[in-house]
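At position 148 of the sequence shown the residue is numbered 779 (our numbering), and the sequence of numbers has no breaks. For glycine and all other residues, C-beta sits at the position ideal for the given N, C-alpha and C. Keep in mind it's a predicted model, so treat the numbers as computed, not measured.
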Amino acid sequence: MANILNSLSKVAKGDVVLSVRDIKKTFVEGGQPLQILRGGGFDLRRGEIIALVGQSGSGKSTLLQCVGLLDRPTSGSILISGAAVQKMDDEMRTNLRRRKIGFVYQRHNLLSDFTALENVMLPMLANHMDEASACARAQKLLRAASVAHRACHLPGEMSGGEQQRTAVARALANGPEILLADEPTGSLDPAHATAVFELLLDLVRKNKMAMLFVTHDMNLAARADRTITITDGIVH
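See the structure below:
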């Protein structure tokens, strides 16, 4: 496993970091198959930002769960930095996810009993970084997200916008190549939504990451380099 993961070196700007082909996902409800994703695919390149749009229930979040290695597609292929993830066991997928992928959800999903600093440190500690280094990096990320002044506060003591900024900092904790965001501003008022989205764009551009984000807001989608759509279960 280590050899495979170590071979996934940082790729040059413009190289494909995520490739999806003929992806299909079927669930079983009440004993009946329910096909959510029916095929299609896309490539995401380093430094590129792609918006994923489609009607509610079209499978956008399902696609994000699959490419984020939180779920397995029924069939099709997903390559991350050239590695075929469908051939990996659960431990390998977990290690790859920790190293290569960051997540931002519609709701911040911060742990309520931990401070902002501790929430950002946790992914690094899970990735076996020593506590002092994790603390220093977490402080740097909180400064970049303009919430350093909230480092010692619990999530319940912060505004919605501050919590989501902390969630963005946490998503960048392990220096991912790919950032996946599922309606990252959907739970915020317009002013905070704009500020958080600008933060996302700025950090992704500065760190030359790739980002795939789900949105219903076509104004936000227009800020992406390009848009992909799910129609009748087909990704195109």
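Quiz item: What is the DSSP secondary structure of Ala782, reduced to helix, strand or coil?
Solution: Within the sequence shown, the letter at position 151 stands for residue 782. Coil at Ala782, not helix or strand.
Quiz item: To which residues does DSSP link Asn665 through a beta bridge?
Solution: Translated into the one-based positions of the sequence shown, residue 665 becomes position 34. Looking at the sequence provided, one finds Leu at residue 665 rather than Asn. The partner list for Leu665 (beta bridge, DSSP) reads Phe658.
Practice problem: Take Leu636 and list the residues in its own chain whose beta-carbon comes closer than 6 angstroms to its own, dropping the five residues that flank it on each side. | Solution: As a position in the sequence shown, residue 636 is number 5, starting the count at 1. In this predicted model, Leu636 has a pLDDT of only 44, less than 50, meaning its place in the structure is not dependable; the value taken from the coordinates is given anyway. Closer than 6 angstroms at the Cβ level, and outside the excluded window around Leu636, lie Asn726.
Quiz item: If you draw a straight line from the alpha carbon of Ser687 to that of Met849, how long is it in whole angstroms?
Solution: One-based indexing of the sequence shown puts residue 687 at position 56. One-based indexing of the sequence shown puts residue 849 at position 218. Rounded to the nearest angstrom, the two C-alpha atoms are 14 angstroms apart.
Quiz prompt | Length of the line joining the Cα atoms of Leu832 and Leu810 | solution = Locating residue 832 in the sequence shown gives position 201, where the first residue counts as 1. Locating residue 810 in the sequence shown gives position 179, where the first residue counts as 1. Cα to Cα, the separation comes out at about 11 angstroms.
Self-check item: Where Arg836 falls: helix, strand or coil (DSSP)
Solution: Here residue 836 corresponds to residue number 205 of the sequence shown, with the count starting at 1. Helix.
Quiz prompt | First and last residue of the uninterrupted beta strand (DSSP E) at Leu819 | solution = Within the sequence shown, numbered from 1, the residue matching residue 819 stands at position 188. Note, Leu819: premise wrong, no beta strand (DSSP E); not H, not E.
Practice problem: Label Pro821 either buried or exposed according to how many other C-beta atoms from any shown protein chain fall within 10 Å of its C-beta, with 16 as the threshold for buried. | Solution: Looking up residue 821 in the sequence shown gives position 190. Exposed, since its Cβ has fewer than 16 Cβ neighbours within 10 Å.
Self-check item: Rounded straight-line distance, which links the Cα of Ala824 to that of Leu649
Solution: Mapped onto the sequence shown, residue 649 falls at position 18. Mapped onto the sequence shown, residue 824 falls at position 193. So the two alpha carbons sit approximately 27 angstroms from each other.
Quiz prompt | Alpha carbon of Leu639 to alpha carbon of His847, nearest angstrom | solution = Here residue 639 refers to the residue found at position 8 when the sequence shown is read from its first residue. Here residue 847 refers to the residue found at position 216 when the sequence shown is read from its first residue. For Leu639, the predicted model reports a pLDDT of 46, less than 50, meaning its position is unreliable; a value from the coordinates is still stated below. Between Leu639 and His847, the C-alpha separation is close to 33 angstroms.
Quiz prompt | Pick from Val647, Val827, Val866 and Pro807 that is closest to Ala714, judged by C-alpha positions | solution = For the purposes of this step, residue 714 is taken as residue 83 along the sequence shown, with counting starting at 1. In this structure, Val647 is the residue among Val647, Val827, Val866 and Pro807 with its C-alpha nearest to the C-alpha of Ala714.
Quiz prompt | Nonlocal neighbours in the same chain, by C-beta distance under 6 angstroms from Leu665, ignoring five residues either side | solution = Numbered from its first residue, the sequence shown carries residue 665 at position 34. Counting only Cβ-Cβ distances below 6 angstroms, and skipping sequence neighbours, we find Phe658.
Practice problem: Using the Cα positions of Pro786 and Leu741, report the straight-line distance between them to the nearest angstrom. | Solution: Taking the sequence shown and counting its residues from 1, one reaches residue 786 at position 155. Taking the sequence shown and counting its residues from 1, one reaches residue 741 at position 110. Distance between the alpha carbons of Pro786 and Leu741 is about 7 angstroms.
Quiz item: Would you say Leu882 and Ala776 are within 8 angstroms of each other, going by their C-beta atoms?
Solution: The chain is shown from 632 up to 867; residue 882 falls before or after that span and cannot be answered.
Quiz item: Among all the DSSP beta bridges, which residues are the ones paired with Arg703?
Solution: Walking along the sequence shown from the start, residue 703 turns up at place 72. Beta-bridge pairing links Arg703 to no other residue.
Self-check item: Close-in-space but distant-in-sequence residues of the same chain around Ala841 (CB under 6 angstroms, 5 per side omitted)
Solution: Within the sequence shown, the letter at position 210 stands for residue 841. Contacts found: Val648, Leu675, Arg677, Glu679 and Ile809.
Quiz item: In or out: Lys837 buried (at least 16 other Cβ within 10 Å) or exposed?
Solution: For this step, residue 837 is matched to residue 206 along the sequence shown. Exposed, by the Cβ-count rule.
Practice problem: Tell me whether Met842 sits in a helix, a strand or coil according to DSSP, three-state version. | Solution: Numbered from 1 along the sequence shown, position 211 holds the residue referred to as residue 842. If DSSP states are grouped into helix, strand and coil, Met842 belongs with the strands.
Exercise. Please name the residue in Leu773, Glu814, Ala747 and Ala804 whose C-alpha comes closest to that of His784.
Key: For the purposes of this step, residue 784 is taken as residue 153 along the sequence shown, with counting starting at 1. Cα-wise, what sits closest to His784 is Ala747.
Quiz prompt | Of the residues Pro754, Ala763, Ala855 and Leu701, the one placed nearest Pro807, counting alpha carbons only | solution = Position 176 of the sequence shown holds residue 807. That would be Pro754, whose Cα lies nearest to the Cα of Pro807.
Quiz item: Apart from the five residues on each side of it in sequence, which residues of its chain come closer than 6 angstroms, Cβ to Cβ, to Arg768?
Solution: Numbered from its first residue, the sequence shown carries residue 768 at position 137. No residues qualify anywhere along the chain.
Quiz item: Apart from the five residues on each side of it in sequence, which residues of its chain come closer than 6 angstroms, Cβ to Cβ, to Met632?
Solution: Position 1 of the sequence shown, counted from the first residue, corresponds to residue 632. At Met632 the pLDDT is 47, less than 50, meaning the model places this residue with poor confidence; the figure from the coordinates comes in the next sentence. Around Met632: Met723.
Quiz item: Between Lys655 and Thr705, which are expected to be in contact by the criterion C-beta below 8 angstroms, what is the C-beta distance as a whole number of angstroms?
Solution: Within the sequence shown, residue 655 is the residue found at index 24, counting from 1. Within the sequence shown, residue 705 is the residue found at index 74, counting from 1. Rounded, the Cβ-Cβ distance is 5 angstroms, consistent with contact.
Quiz item: Comparing the CB of Ala779 with every heavy atom of the ligand ADP, is any distance shorter than 7 angstroms?
Solution: Among the ligands in the structure shown, none appear at all, so the ligand ADP cannot be discussed.
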